[in-house]
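Peer 1: Residue 7 in the UniProt record's numbering is what sits at position 7 of the sequence shown, and the numbering runs on without skipping anything.
All C-beta atoms, glycine included, are put in the ideal place defined by N, C-alpha and C.
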Amino acid sequence: MVHTILRSLAALKNVPVAELDPLYDRLEPDALVSLMAHAKDAESTVNVEFTIDEFTVVVTHDTVYVHTGEPIVATIGDRR
């Protein structure tokens, strides 16, 4: 999930992932992963939304959306 967020942000900014500021400067990635894993184990639905720079990131149980207006949709299992 964290890699999907980073790849989406890099694509929107048109830069390599390595040139992005560390995600942990903005949020605790391990806490996000833990929250989503707990929700899955509890068979609950959790959506988390936050902003990074001018982008809105929405994380659901199976999808990450990163957008400024039109969302880029990437399934968490998508490793392209």
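#1: Which residue's Cα is closest to the Cα of residue 68: 51, 60 and 37?
#2: For residue 49, which of helix, strand or coil comes out of DSSP?
#3: If you draw a straight line from the C-alpha of residue 123 to the C-alpha of residue 24, how long is it?
#4: Which one or two residues does DSSP pair with residue 24 in a beta bridge?
#5: Which class does residue 56 belong to by DSSP, given the choice of helix, strand or coil?
Peer 2: Judging by the given coordinates:
#1: Position 68 of the sequence shown, counting from 1, holds the residue named residue 68. Answer by Cα proximity: 51.
#2: Here residue 49 refers to the residue found at position 49 of the sequence shown. Three-state result, residue 49: strand.
#3: Outside the shown range of the chain (1 to 80) lies residue 123, about which nothing can therefore be said.
#4: As a working note, residue 24 is residue 24 in the sequence shown. BP columns for residue 24 are empty, so no partner.
#5: Here residue 56 corresponds to residue number 56 of the sequence shown, with the count starting at 1. DSSP places residue 56 in strand when its eight states are reduced to three.
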